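Asker: Mind having a look at this structure? Questions to follow.
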Amino acid sequence: MANIVGRLQSLFPSHQLDVIIGSLLGDARLERRSIGLRNPITARLRVHQGERQKDYVFWKYGMLQDLVSKGPREISWTNPKRDLHEVSWYFHTRSLETFGLLHACFYKNGVKILPEGIFDLFTPQMMAVWFMDDGSNTVQSFTLSTHSFQEPEQHMIARFLKEAYGISATIIKDRTKQKISIGRRDHEAFKAIIEPYLIPSMNYKIASPRNDLVVSTTGMQG
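Rendered as structure tokens:
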């Protein structure tokens, strides 16, 4: 991974790398577009969020615009289970070899993983993007919805937070999965890391008292 880390730093500007890695640790995904012996493996990054995160989608688009062919687009549908009209926004990058390289790091047998050595790349803005994607504020704690990662990967995240920032994170059970929790004792320390990089529309995620419990009729929450 060390060689790949150095290569990624040379292939993407730092502000784009922050958005890309933070997003991949969160809600974004890489889609492989071509595989062949004569052709390089390419992939594209897909960003998809609910109506409440529309400004956030457009912010990401602005950061990655030179990698994208079309701007964010709206999807709307009726959710029969909830009897609600759902609205969300998405865009994807062009299919590129650089994203193909990232796909090789972040996916194993089609499943997203936490790449070894990824924290060598980490910046506060990367952490902020990850939190804007997957973070939540319960007043008692901040959490990161790391459900897709296996238990050893959860421990890697907790270890990184402790070693890099002195923040004690615990791994808590959430139904059949696990996620990262940062307790009240470290609330302010974690908030100080990410707050300078949060966009205004996402400040609700760190507000105290919590103000993200509004019932929405427009789809995805996070």
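For the sequence shown, the working numbering assigns the number 229 to the initial residue and increments by one for each residue that follows.
The beta carbon of each residue, even a glycine, is placed where N, CA and C say it ideally should be.
Keep in mind the model is a prediction, meaning the values are calculated, not measured.
What are the residues that DSSP puts in a beta bridge with TRP358?
Answerer: According to DSSP, which records beta bridges pairwise, TRP358 is partnered with nothing at all.
Asker: Is the Cβ-Cβ distance between LEU360 and LEU426 less than 8 Å?
Answerer: Note on residue identity: the sequence assigns Met, not Leu, to residue 360. Yes, the Cβ-Cβ distance between MET360 and LEU426 is below 8 Å.
Asker: For the beta strand (DSSP E) containing LYS405, list its first residue and its last residue.
Answerer: It spans 405-411 - the beta strand (DSSP E) in which LYS405 sits, taken as one unbroken run.
Asker: Please name the residue, chosen from ARG280, THR398, ILE385, that lies closest to PRO428 on a Cα-to-Cα basis.
Answerer: Comparing Cα positions, the closest option is ARG280.
Asker: On the DSSP bridge assignment, give the partners of TYR337 in chain order.
Answerer: First, the residue type needs correcting, since residue 337 is Asn and not Tyr in the sequence shown. None, per the DSSP bridge assignment.
Asker: Assuming GLU381 is part of the alpha helix (DSSP H), what are its boundary residues?
Answerer: Its alpha helix (DSSP H) spans residues 379-393.
Asker: Excluding the 5 residues preceding and the 5 following ALA417 in the sequence, name in chain order all residues of the same chain whose CB lies nearer than 8 Å to its CB.
Answerer: So the list reads TYR393, GLY394, ILE395, once near-sequence residues are dropped.
Asker: Just grab the DSSP bridge partners of LEU329 for me.
Answerer: Answer is none; LEU329 lacks a bridge partner.
Asker: In chain order, which alpha helix (DSSP H) runs of at least 4 residues are fully inside the stretch 272-311?
Answerer: Segments of the alpha helix (DSSP H) lying fully in the stretch 272-311: 282-292.
Asker: Hey, HIS328 and ILE248: beta-carbon distance below 8 Å or not?
Answerer: Strictly speaking, residue 328 in this sequence is Gly, with His absent from that position. Contact: no.
Asker: Roughly how many angstroms lie between the CA atoms of SER409 and ALA397, to the nearest whole one?
Answerer: Rounded to whole angstroms, SER409 to ALA397 spans 6 Å at the Cα level.
Asker: So GLY453 is in the beta strand (DSSP E); what residue range does that whole segment cover?
Answerer: The chain is shown from 229 up to 450; residue 453 falls before or after that span and cannot be answered.
Asker: Rounded C-beta distance between HIS375 and LYS407? I'm assuming under 8 Å.
Answerer: Their Cβ separation, rounded to whole angstroms, is 6 Å, which keeps HIS375 and LYS407 in contact under 8 Å.
Asker: What distance in whole Å lies between the Cβ atoms of ALA271 and HIS331, which are believed to be in contact at a cut-off of 8 Å?
Answerer: That pair is a contact at about 4 Å.
Asker: Check whether the Cβ atoms of GLU314 and SER304 sit closer than 8 Å, and answer yes or no.
Answerer: The answer is yes: Cβ separation under 8 Å.
Asker: Across which residues does DSSP place ASP402 in a beta bridge pair?
Answerer: The partner list for ASP402 (beta bridge, DSSP) reads LYS405.
Asker: Are three or more beta carbon pairs between the stretch 245-264 and the stretch 344-355 nearer than 8 Å?
Answerer: These segments touch.
Asker: Distance check for PRO241 and TRP287, CA to CA, integer angstroms please.
Answerer: Going from the Cα of TRP287 to the Cα of PRO241 covers about 16 Å.
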